[in-house]
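**Student:**
Quick look at the structure:
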């Protein structure tokens, strides 16, 4: 009898341990992502505050470290330095492949004889480090002798979770430990991956694809970013012929962008559209149209800066279009006049100036249909380095 009781007791203990283990496995994803679960409205920001707006569901509602104020139309010419106004852009296109059309934006360089590093080239040349913190704010060093430009939507790979950097930032040469806001684009990991370092991020080769993801990042809405990453993976799988989730990390947006199915599916698009601005010294930006609808435009202070960023930009546009492809749909791209109207209308929006705690500042303009972000450099008479136009 005593032996039977011992056996029953041991069996109960084994069962209890098994149930506990199963429970921990089921609950682990909740604990695993917890550093970012509470961040939809609790974020730590350095710069480029795009503010709460009355109409646009509060971009970064609780931002710290930035001072935003309303700007009267008469003030804008004094606050926004040299930039080619949208009415003076020359547009060429559409250049179309499948459901993606691009319009090149031509204009004069306003930034001459100034070397600016992109984040990708700074990491590749080992003159920048993006430090992991385990939180929604990372730190970055610029050991180079030139300013470092971080573009909104840059994805950094490595650390304990891949991140997206949602705002433009200009970092002076030889700067250490500058804080930068980041959002997670890899929900299911909080530990080093493979041979990657957990203390820093190794590459910044990809840009956030798609208008919806860009808007979610600007809002600093972590849950919305994760939701849009999942939707993008689902849509890419549908149009690329199978799952694009990596076995090593199924939730990683970066690794989905690197997936061979995605690379193969966008190859024809890149072959057709990537060479479009080659040899054109007056191209300073481009507008993106997907399924006949204007999505966005990016314009830069120089042809040199645009050309540096172009491979990453066109890849992101191709991936975004692939995700939204509708087989059999008849698509007519808009006219150049329609694209020009989209750009000029954005410049008529209500304006806000945001003074952050790093070198660059931002002027944000908004209408019911548009968002426009002008990233300015006060050290260069507020010259506009980058203009981001987004359809709302």
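Residue numbers (the numbering used here): 1 to 392.
In this text, a Cβ means the ideal position worked out from N, Cα and C, and glycines have one as well.
Everything numeric in this text was worked out from a predicted model, so none of it was measured.
Where does residue 118 sit, in a helix, a strand or coil, going by DSSP?
**Tutor:** Of the three classes helix, strand and coil, the one that applies to residue 118 here is strand, per DSSP.
**Student:** Could you check what DSSP says for residue 331 in three-state terms: helix, strand or coil?
**Tutor:** It is coil, neither helix nor strand.
**Student:** Any idea which residues DSSP pairs residue 259 with across the strands?
**Tutor:** Looking at the DSSP assignment, residue 259 forms no beta bridge with any residue, so it has no partner.
**Student:** Would you list the one or two residues that DSSP bridges to residue 285?
**Tutor:** Beta-bridge pairing links residue 285 to 105, 299.
**Student:** Check whether the Cβ atoms of residue 392 and residue 89 lie closer than 8 Å to each other.
**Tutor:** Not closer than 8 Å, so no.
**Student:** Helix, strand or coil for residue 268 per DSSP?
**Tutor:** In the structure shown, residue 268 sits in a helix (DSSP, three-state: H, G or I).
**Student:** Can you give the beta carbon distance from residue 138 to residue 132, rounded, assuming they're within the 8 Å contact cut?
**Tutor:** Yes, they are in contact, since the Cβ atoms of residue 138 and residue 132 sit about 7 Å apart, within 8 Å.
**Student:** Less than 8 Å between the C-beta atoms of residue 242 and residue 214, yes or no?
**Tutor:** No, the Cβ-Cβ distance between residue 242 and residue 214 is not below 8 Å.
**Student:** On the three-pair Cβ rule with 8 Å, is the segment 89–98 touching the segment 371–380?
**Tutor:** Result no; under three Cβ-Cβ pairs closer than 8 Å.
**Student:** Can you list, in chain order, the residues of its chain whose CB lies under 6 Å from that of residue 253, leaving out five sequence neighbours each side?
**Tutor:** So the qualifying residues of the chain are 185, 229.
**Student:** For residue 78, count neighbouring Cβ atoms within 10 angstroms of its own Cβ and tell me buried if that reaches 16, exposed if not.
**Tutor:** Exposed.
**Student:** Let me make sure I understand the geometry here. Which of 318, 317, 350, 203 has the alpha-carbon closest to that of residue 125?
**Tutor:** When each option's Cα is compared against that of residue 125, the closest is 203.
**Student:** Thinking C-beta only, is residue 233 closer than 8 Å to residue 245?
**Tutor:** Result yes, Cβ atoms of residue 245 and residue 233 sit closer than 8 Å.
**Student:** Could you tell me whether the segment 172–186 touches the segment 266–281, where touching means 3 or more Cβ pairs closer than 8 Å?
**Tutor:** Too few Cβ pairs lie closer than 8 Å, so no.
**Student:** Which residues does DSSP pair with residue 179 in a beta bridge?
**Tutor:** According to DSSP, which records beta bridges pairwise, residue 179 is partnered with 139.
**Student:** Sorted by chain position, which residues of the same chain lie with C-beta nearer than 6 Å to residue 325's C-beta, five sequence neighbours on each side aside?
**Tutor:** Only 99, 239 meet the Cβ criterion.
**Student:** So what does DSSP say about residue 395, is it helix, strand or coil?
**Tutor:** Because the chain here runs from 1 to 392, residue 395 falls outside it and cannot be looked at.
**Student:** Going by Cα to Cα distance, which pick from 159, 345, 150, 372 is closest to residue 165?
**Tutor:** Considering only alpha carbons, the answer is 150.
**Student:** Classify residue 329: buried if its beta carbon has 16 or more other beta carbons within 10 angstroms, exposed otherwise.
**Tutor:** Residue 329 is exposed by the Cβ-count criterion.
**Student:** Counting beta carbon pairs with one atom in the segment 357–369 and one in the segment 153–163, are three or more of them shorter than 8 Å?
**Tutor:** They do not touch, by the three-pair rule.
**Student:** Taking the C-alpha atoms as reference points, what is the distance between residue 38 and residue 135?
**Tutor:** For residue 38, the predicted model reports a pLDDT of 35, less than 50, meaning its position is unreliable; a value from the coordinates is still stated below. Cα to Cα, residue 38 sits roughly 11 Å from residue 135.
**Student:** By the three-class DSSP mapping on this structure, what secondary structure does residue 166 have?
**Tutor:** Coil.
**Student:** Looking at the secondary structure, which residues open and close the alpha helix (DSSP H) in which residue 337 lies?
**Tutor:** Run containing residue 337: 336–346, per the alpha helix (DSSP H) assignment.
**Student:** Who are residue 294's beta bridge partners in DSSP?
**Tutor:** The partner list for residue 294 (beta bridge, DSSP) reads 289.
**Student:** So, under 8 Å CB-CB, residue 187 and residue 312 are touching, yes? Tell me the CB distance rounded to an integer number of Å.
**Tutor:** With 8 Å as the limit, residue 187 and residue 312 do not qualify as a contact, their Cβ atoms being about 23 Å apart.
**Student:** Taking all protein chains shown into account, do 16 or more other C-beta atoms lie within 10 angstroms of the C-beta of residue 373, making it buried, or fewer, making it exposed?
**Tutor:** The residue is buried, with at least 16 neighbouring Cβ atoms inside 10 Å.
**Student:** Over the uninterrupted alpha helix (DSSP H) stretch that includes residue 91, give me the two end residues.
**Tutor:** Run containing residue 91: none in the alpha helix (DSSP H); it sits in the beta strand (DSSP E), 90–97.
**Student:** Could you check the C-alpha separation between residue 272 and residue 83 for me, to the nearest Å?
**Tutor:** One C-alpha to the other measures close to 30 Å.
**Student:** What are the boundary residues of the beta strand (DSSP E) that residue 208 is part of?
**Tutor:** From DSSP, residue 208 is part of no beta strand (DSSP E); its letter is neither H nor E.
**Student:** Go ahead and label residue 375 buried or exposed: buried means 16 or more other beta carbons lie within 10 angstroms of its beta carbon, across all protein chains shown.
**Tutor:** The residue is buried, with at least 16 neighbouring Cβ atoms inside 10 Å.
**Student:** At which residues does the beta strand (DSSP E) containing residue 197 begin and terminate?
**Tutor:** From DSSP, residue 197 is part of no beta strand (DSSP E); its letter is neither H nor E.
**Student:** In the DSSP assignment, what are the bridge partners of residue 366?
**Tutor:** Paired residues: 350, 371.
**Student:** Using the Cβ count rule (16 or more neighbours within 10 Å means buried), how would you classify residue 22?
**Tutor:** The predicted model places residue 22 with a pLDDT of 42, which falls under 50 and marks its position as unreliable; any figure quoted below should be read in that light. The residue in question, residue 22, is exposed, as its Cβ has fewer than 16 Cβ neighbours within 10 Å.
**Student:** Go through its chain and collect everything with a Cβ distance to residue 345's Cβ below 8 Å, but skip five positions before and after it.
**Tutor:** Taken in chain order, the residues that qualify are 367, 369, 370.
**Student:** Can you tell me whether residue 30 is buried or exposed, with buried defined as 16 or more other CB within 10 angstroms of its CB?
**Tutor:** Bear in mind that the predicted position of residue 30 carries a pLDDT of just 39, short of 50, making it too unreliable to give a figure here.
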